[in-house]
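In my numbering, the protein residues as written are 1151 to 1267.
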């Protein structure tokens, strides 16, 4: 049972981060194209709210069963490092610069170090 709960907590964090990132990226894309019409952002406010609920649920459930907030933080940052570049590429079709690739790589290495050391 405990393994299932841990998997649900990690999944909630990943999905919550993904929904939040999707809302942020789509909002920035729509806002940039539409010239600043705030009403276009309302669906993104709903989406990021659902993502926030899942994040809070995942953090609470994860901490309850893992008893270490730093593991949860590393999972959350890892989710961002995996999900955000993929979604940014899919939505914007923009290739990262050399500097941003170095930054992503160092961030990923930092997350791996935080989890395994």
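Beta carbons: idealized from backbone N, C-alpha and C, even for Gly.
Same chain, Cβ closer than 6 angstroms to residue i, five either side skipped, listed in chain order
i            : result
residue 1216 : none
residue 1234 : 1171
residue 1219 : 1213
residue 1209 : 1222
residue 1197 : 1169, 1173
residue 1211 : 1159
Exposure label - residue i; buried when at least 16 CB within 10 Å
i            : result
residue 1182 : exposed
residue 1269 : Look at the range of the chain in this structure, 1151 to 1267, and you will see that residue 1269 is not part of it.
residue 1161 : exposed
Inter-residue spacing [alpha-carbon to alpha-carbon] between residue i and residue j
i            : j            : result
residue 1202 : residue 1153 : 23 angstroms
residue 1167 : residue 1249 : 24 angstroms
residue 1243 : residue 1251 : 15 angstroms
residue 1231 : residue 1257 : 7 angstroms
residue 1238 : residue 1156 : 28 angstroms
residue 1204 : residue 1226 : 12 angstroms
residue 1236 : residue 1229 : 11 angstroms
residue 1266 : residue 1241 : 32 angstroms
residue 1192 : residue 1180 : 11 angstroms
Simplified DSSP state of residue i, which is helix, strand or coil
i            : result
residue 1154 : helix
residue 1193 : helix
residue 1165 : helix
residue 1261 : helix
residue 1267 : coil
residue 1247 : coil
Boundaries (first-last residue) of the alpha helix (DSSP H) holding residue i
i            : result
residue 1231 : 1219 to 1242
Spatial neighbours of residue i in its chain, beta-carbon cut-off 7 angstroms, leaving aside the 5 residues before and after
i            : result
residue 1165 : 1204
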